[in-house]
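Please read the structure below before turning to the comments.
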Amino acid sequence: MSQEYTPQTLEVALQADWAKTGRFAVQPDNAREKFYCLAMFPYPSGKLHMGHVRNYTIADVIARYQRMQGKNVLQPMGWDAFGLPAENAAIANKVAPAAWTRENIDHMRAQLQRLGYAYDWDREIATCDPQYYQWEQWFFTQLFERGLVYKKMATVNWDPVDQTVLANEQVIDGRGWRSGALIERREIPQWFIRITAYAEELLEGLDTLEGWPEAVRIMQRNWIGKSRGVELAFGLESPIADLDRIEVYTTRPDTLFGVTYISLAAEHPITLALAEQNPELTEFVAACKQTSVAEADMAQAEKLGMDTGLRATHPLTGEAIPVWVANYVLMDYGSGAVMAVPAHDERDWEFARKYSLPMKTVICDAEGHPADIADSAYTEHGVLTGSAEFDGCHFEAAFEGIAAQLGAKQMGRTTTQFRLRDWGVSRQRYWGTPIPMLNLEDGRDIPIPADRLPSLLPEDVAMDGVTSPIKADPEWRKFELEGQPCERETDTFDTFVQSSWYYARFTCPHYTDGMIDSAQANYWLPVDQYVGGIEHAILHLLYSRFFHKLMRDAGLVDSDEPFERLLTQGMVLKDGAKMSKSKGNTVDPQALIDRYGADTVRLFSMFAAPPEQSLEWSDSGVEGAHRFIKRLWRLIHDFGSDEGASAAESLTSEQKTLRRKIHETIAKVSDDYGRRQTFNTAVAAIMELCNDLGRHPGETPEDRSVISEGLHAVLQMLWPITPHLSEHLWRQLTGEAFVESHWPALDESALSRDELEIVVQVNGKVRGKILVPASADRTEIEALAKDQENVRRFLADATIRKVIVVPQKLVNIVAQ
RNA sequence: GCCCAGGUGGUGAAAUUGGUAGACACGCUAGCUUCAGGUGCUAGUGCUCGCAAGGGCGUGGAGGUUCAAGUCCUCUCCUGGGCACCA
């Protein structure tokens, strides 16, 4: 009766059954505890890659484990369907982004279904559907009314040949990826959402997110970057560009006496005014603009500067301080000007060295001497020197004293600043949500009225590769409001806007009366478990937290935070590198599913590494996972049906040992799935149990009873990972349908041991092992340890100084 | 450049609270079964000395704390992620 393992037929049949019976469709149910499990939805790029498989398997294992705990589990799936790749594909393949996207969705949906994920497909969302983005447009107009939206000039990468704006990704070594032209920074008007109004709350909220990895919380905290400092001004003798002073911000006012120059951004109004009379400076400013807007590029670019000849007055000493223009000072941050203290700031030190600018030490080192700055800046806090009446002050006193003196002179004040900048949401692209704003003839911007939404994106378009079809089409732009002609905004939203609230829409995807059905949302939210790549640690997760608070303040949801617990999974690598087409090291999950079935692919993904770590791909590892499945298949078939095996009365010591292994495994796997989320160690433990079950003779009814108990537990514990295999074999073994809401019960009494093995060390090195009765006390253990044969040899002519006994574990005898 | 992770056998990894380093699996070696094997089973497998019993060494590198360090501290090297228009 040894039947062959045929995953292709077995899995597809079960999947059809799940779909037909609506097995994973859910509704609110107040009788049961809810559990909302969500994996970050994919961009529909064409087909699934291994990163998706890993991501969705992790989430599915958690969702199914929670189902086995009897919870009402929501696990939805959808598509982050707007974005740049669709435009690129449209140009390359002469197909409209909409058609390309929807084809990809159909293909990827089928792939996900073939992997057997327990999704409620009735809730599927695609962000490119007007039914979705209309509410995003509506919400934006609400934010506008609340004063949380504004328009200002902001910098973009400009390709002067293609006459288009480029994403940072499209700028390679400072050149446009298609034209090869040197790109330049250019300022254009763009829409912003005031995330900075929520900076304090976003920062404080991090402390409540105990279910988040500490690394993510730290990264967000640093990103928000709250600092206490001083805003101060250096005076100008005569106004330039209507400014009579240069404003700077510093967190180190204690180094104010060490300022030897000031640096302005290339876009600073004073720079621009000075450049008008100075051709050399004009040229330098143009050169400064030839880097991408990416911070990484700017931080690594060679530091360039030029003396403007202008001098500003030090607010405390009255000295004349040279004013420079430098390419590392950014107009978008703070005031676009910084005071430079080369002795106590790394970047200023490098710049000053390069241009032979003076340095002035004003902080003492730990020994109380003026710090040595010959080889690098001294950036520690310390006692002041060379700072007039502040000499001898420590950081705190100097900070307060200098701030007070600046305040008295009306030249400065203490402030709190955030590194976080407002969220620019304008994109000069076609394939996105049209920004629902109108430009009136008098120049004012107003929102499109709610009853005229959605502002529909035309889908039947041709892409020429340079101009957005809605920018190229004058007809689309035309709009009439109360008889007045006006123009639609032709920019679209950043795709992060869609992904900032989809988790909430999943609770009520078909709701037509508003953005969110609060009754549904408040039942399901917050998401109990969110799973996604670590690469989203800052942007996506911060924007979502921000949007949640915006929705809360609009009365749509009750909770303060969207995601209770977060699991950030590592990447899938091959040959130590991220899989990518350009490297030619991709692995197509479809080929693996076709060859081994979904359960093998799922099992390997879970077994190969813990979820937070990167996973090194291995073909032979997949083979190994498949072999384990076949072994288990054979084990169950060889065992036959369990013909109502009853709990045995008295067991032999071998049977007791096997039963203890079964229950130790249940305890470990429960902990690994639930608390630790280390699925690889759970699989290893189940494999160990299977090895023991296979080795155990099945001669007596008692033997068969214990083995049967173990096989039941194995199938139940594997269900979250290999659901098809488990359901199929369960029926073989028991003759009944698999009941998913039963997690195997732990029998604590089966865990007890009569004897323990204890390690004996001499001076920290293992010299022997002893078996002691579980009831043995300290003195007995110590005596047994000293008596151990090998231990005695090492103690022969030594004096025992100390004996350390760690209960249940080891004895360390310290001897000389 | 800045912020955050990670580095353990030939390979993927385990070691959960400072307490036996290498569980589980891959690979490899030997044997058995079968002998058409991309099959199955058994044993061995960190390096090293030894016939063996047993010993020495060993978690990127250098120091340190401790009876005891993969785990804690300091410095350092390498790899990966993020840096606001890839998603």
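The first sequence begins at -3 in our numbering and counts up by one. By construction, the Cβ of each residue, glycine as well, lies at the ideal position given by its N, Cα and C atoms. Being a predicted model, the structure only gives us computed values, none of them experimental.
Legend entry - Collapsed DSSP secondary structure at W715 in the structure displayed: coil
Inset, instruction - Going by CA-CA distance only, name the one from G731, R671, W134 that's closest to G207. - result: R671
Legend entry - Range covered by the alpha helix (DSSP H) that runs through T677: 675 to 691
Legend entry - Sub-7 Å separation of S383 and F230 beta-carbons: For S383 and F230, no; Cβs fall outside 7 Å.
Inset, instruction - May I ask which residues mark the beginning and end of the beta strand (DSSP E) holding A316? - result: 316 to 322
Legend entry - Distance CB(G428)-CB(F489) smaller than 7 Å: In this structure, F489 lies closer than 7 Å to G428 by Cβ.
Inset, instruction - Could you name the residues that DSSP lists as bridge partners for W75? - result: A122
Inset, instruction - May I ask you to list the residues that DSSP assigns as paired with R171? - result: I168, L178
Inset, instruction - Closer than 7 Å by C-beta to R60: which residues in its own chain qualify, once you throw out the five before and the five after it? Chain order, please. - result: A114, W715, P716, P719
Inset, instruction - Tell me V337's beta-bridge partners as DSSP assigns them. - result: When DSSP reads this structure, V337 sits in no beta bridge, so it has no partner.
Inset, instruction - Could you spell out the range, first to last residue, of the alpha helix (DSSP H) harbouring D155? - result: No alpha helix (DSSP H) holds D155; the beta strand (DSSP E) holding it covers 145 to 155.
Inset, instruction - Report the partner residues of V244 according to the DSSP bridge assignment. - result: L228
Inset, instruction - Check whether the Cβ atoms of M104 and V244 sit closer than 7 Å, and answer yes or no. - result: Cβ atoms of M104 and V244: not closer than 7 Å.
Legend entry - For E455 and W14, the rounded distance between their alpha carbons: The alpha-carbon atoms of W14 and E455 are separated by roughly 34 Å.
Legend entry - Counted within 10 angstroms of its Cβ, other Cβ atoms place N832 as buried (16 or more) or exposed: Examination of residue 832 is not possible in this model, given that the chain is present from -3 through 812 alone.
Inset, instruction - Could you check the C-alpha separation between F391 and Y257 for me, to the nearest Å? - result: 22 Å
Inset, instruction - Just grab the DSSP bridge partners of E471 for me. - result: DSSP output for E471 lists no bridge partner at all.
Legend entry - Assigned exposure category for R541 - 16 Cβ within 10 Å defines buried: buried
Inset, instruction - Grab the span of the beta strand (DSSP E) containing Y257 for me, first residue to last. - result: 257 to 260
Inset, instruction - Just tell me which of D460, F135, R423 has its CA closest to the CA of N89. - result: Per the Cα distances, D460.
Legend entry - Rounded C-alpha distance that separates E346 from S666: 55 Å
Legend entry - Touch test, the segment 564 to 572 against the segment 521 to 532, Cβ-Cβ under 8 Å, three pairs minimum: yes
Legend entry - Pairwise C-alpha distance: A458 and P40: Taking C-alpha positions only, P40 is separated from A458 by approximately 20 Å.
Inset, instruction - Please go through the same chain and pick out, in chain order, the residues whose beta-carbon is closer than 7 Å to the beta-carbon of F559, but skip the five residues on each side of it. - result: P522, V523, Y526
Legend entry - Opposing strand residues paired with R671 [DSSP bridges]: Note: R671 sits in no beta bridge, so no partner.
Legend entry - Helix, strand or coil at M302 [DSSP, three-state]: strand
Inset, instruction - Would you mind working out which of R307, L312, M302, A339 sits nearest V325, comparing C-alpha positions? - result: M302
Legend entry - In DSSP terms, what E751 is bridged to: P769
Inset, instruction - Return the first residue and the last residue of the alpha helix (DSSP H) that Q516 is part of. - result: 514 to 520
Inset, instruction - Check whether the Cβ atoms of F502 and P72 sit closer than 7 Å, and answer yes or no. - result: yes
Legend entry - Span of the alpha helix (DSSP H) around Q62: 46 to 64
Inset, instruction - Going by DSSP, name the residue or residues bridged to C482. - result: Its beta-bridge partners are F475.
Inset, instruction - Using three-state DSSP, classify Y194 as helix, strand or coil. - result: helix
Inset, instruction - Starting from the C-beta of V289, find all residues in its chain whose C-beta is less than 8 Å away, skip the five residues before and the five after it, and write them out in chain order. - result: T151, V152, N153, N164, R181
Inset, instruction - For K761, name the three-state secondary structure that DSSP assigns. - result: strand
Inset, instruction - Quickly, what does DSSP pair N68 with across the bridge? List them, please. - result: K30
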